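Read through the structure below, which is laid out as structure tokens, and then see the notes.
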Amino acid sequence: PYCKQAYKPSMEELVELGVKEYDGNFFKGKGCERCMYTGYIGRTGIYEILIVDKDVRRAILETKDSDLIRNIALRKGMRTLRMDGAEKVKRGITTASEVLRVTRR
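Residues in the sequence shown are numbered from 31 upward in steps of one, following my numbering.
Structural data, given as structure tokens:
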């Protein structure tokens with residue numbers, strides 16, 4: 031958020047984001063003339079990149095279920111959109127409500 035204020039997220043937000051503990055660094059947009067009272071200026075992306083290594087490639091070629099392919103990738107360190115968004119929430123770049131709005135479990 032452009033003009034931000036600290037806030038304590040709800041337990042539901044923390045659980046949905048997969049954040050294990052609240053460390054006091056969450057923010058939400060406050061609003062001012064410059065941001066037209068939205069709390070935001072500009073845009074920030076959240077990203078998920080699937081590296082297709084030999085294990086992922088094998089699962090794809092064997093037409094395995096997408097959940098299995100996702101789990102293989104997660105075990106190998108892939109971060110989901112929600113995980114990347116949660117990190118940006120912790121860094122004060124966006125809000126929990128915005129990440130939850132644009133991602134799905």
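By construction, the Cβ of each residue, glycine as well, lies at the ideal position given by its N, Cα and C atoms. Since the structure is predicted, the reported quantities are computational estimates derived from the model, not experimental observations.
Let me know the secondary structure DSSP gives Lys118 once reduced to three states. helix
Environment of Ile76 [buried if 16+ CB atoms lie within 10 Å]: buried
Identify whether Lys50 lies in helix, strand or coil by the three-state DSSP scheme. coil
Straight-line gap, Met113 to Asn101 (C-alpha atoms, nearest Å): 14 Å
According to DSSP, Ala126 sits in a beta bridge with which residue or residues? Its beta-bridge partners do not exist; DSSP assigns none.
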